[in-house]
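Chains as they are written, first to last, in the numbering used here: chain A, 1 to 112; chain P, 1001 to 1116.
What follows is the structure in structure tokens.
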């Protein structure tokens, strides 16, 4: 398997649920990213990890919690989400800063 | 505020014509520039990277960069209906005290429609 894979592809959850999004990259890259894409808005960077260390956190609410156990895997743990958190969540990876980022297919998240 | 501006469109061109997509950015120190294509309901797909002033060609695509004018463009020659998508411009700013240098700043995208 190649590229960046994300699971699940679709997720519907209530505001009180806890769920996790998973991302795996098979490109041998050192950096991994979480982005949020909402309608009519640019992609918003949420978190960046380089060699398993978080290097950027763009004022994301604490109900989103990232985890990077190794350079190939990235998780986004979700709890007590709000309806405005409904969006497409995209994982990406790159070899290093300034290098092209390659995206997974995304998780379409709907909060009831 | 580091901004990347694109005309939202839709830009409509006939099949076989040249589509010209434009992007301006506010961070003068930006070093890396990317064009992504995103079909409806799909994730962004990298189509071009450009790092220095001038033109870079790859098949039917040409990226043009002018750092002095803070302007980057994408030309699509011999446009096909399958090119109909949203094109995202992404800019990588220089690292600062508040920016690791990893993030890409994205524009909202330009919707391209190629009509048969």
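C-beta atoms are modelled at their ideal positions from N, C-alpha and C, and glycine is treated no differently.
- Within the stretch 41–66 of chain A, contact with chain P at the beta-carbon level (separation under 8 Å) is assigned to 41, 42, 43, 45, 48, 50, 55, 56, 58.
- Legend: CB atoms of the stretch 1055–1066 of chain P lying less than 9 Å from CB atoms of chain A are not found in any residue.
- In this structure, the alpha-carbon of residue 1076 of chain P lies about 8 Å from that of residue 1017 of chain P.
- Counting along the chain, the unbroken beta strand (DSSP E) around residue 1076 of chain P starts and ends at 1071–1076.
- Rounded to the nearest whole angstrom, the C-alpha separation of residue 109 of chain A and residue 61 of chain A is 16 Å.
- Between residue 1023 of chain P and residue 1069 of chain P a beta carbon distance of about 11 Å is seen, past the 8 Å cut, so the two are scored as non-contacting.
- Collapsing the DSSP output to three states places residue 105 of chain A in coil.
- Excluding residues up to 5 positions away in sequence, 1033, 1056, 1063, 1065 lie with their Cβ nearer than 6 Å to the Cβ of residue 1050 of chain P in the same chain.
- Scanning P:1115, P:1109, P:1114 for the CA closest to the CA of residue 39 of chain A turns up P:1109.
- Taking 7 Å as the Cβ-Cβ cut-off, the stretch 84–110 of chain A approaches chain P at 90, 97, 98, 100, 101, 102, 103, 104, 105, 106, given in chain order.
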